[in-house]
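Heads up: the structure comes next, in structure tokens.
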Amino acid sequence: MLRIAAGRLTSSLRQAVQPRQATGAVALVQARASHGHHETDEEPDIDHWEIRKAMNDLAGMDLVPEPKIICAALKACRRLNDYALTTRFLESVKDKCGPEVDKIYPYILQEIRPTLDELGISTPEELGYDQPELWLESPENIH
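Position 47 of the sequence shown, counting from 1, maps to 62 under the working numbering, and the rest follow consecutively.
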């Protein structure tokens, strides 16, 4: 994570020090970037590889994503019509809550519920993915 942060800091400092000529499409990108880039900015040209890489990067970080980042990720998945990725992402968010899952995960669900309803996405619990499908009692515990 430190390597990623250092790389981003270096590239942003390099851009600040080296002025560029703004023409055409570059001027549009610089104008958009001048207002600040947020994690929740929508990128209409994002593809499946980029969104899966972003989800993998989020899963690799030692934090639980904020609800606004989760909502932006769910909207990006919906734009790509990748419903399976939304379910896997919500499962990874629940896993990231760790031992405080009883406190953090209900709060996150409460905050992202309007987005889930707007996009028509069900949680893994609503789909029954929180319970094993073919679970049977152990034969040793019958009596």
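Glycine is no exception: its CB is placed at the ideal position from the N, C-alpha and C atoms.
Quantities reported herein were computed from a predicted structural model and do not represent experimental measurements.
Exposure of Leu142, with buried meaning 16 or more beta-carbon neighbours within 10 Å: exposed
Ile66 and Leu105 closer than 8 Å at C-beta: no
Proximal residues to Ala48 (C-beta, below 8 Å), its chain only, five neighbours per side dropped: Because Ala48 carries a pLDDT of 45, less than 50, the predicted location of this residue cannot be relied on, and no value is offered for it.
Burial state of Lys118, where buried means 16 or more other Cβ atoms lie within 10 Å: exposed
Thr138 versus Glu81 - alpha carbon distance: 17 Å
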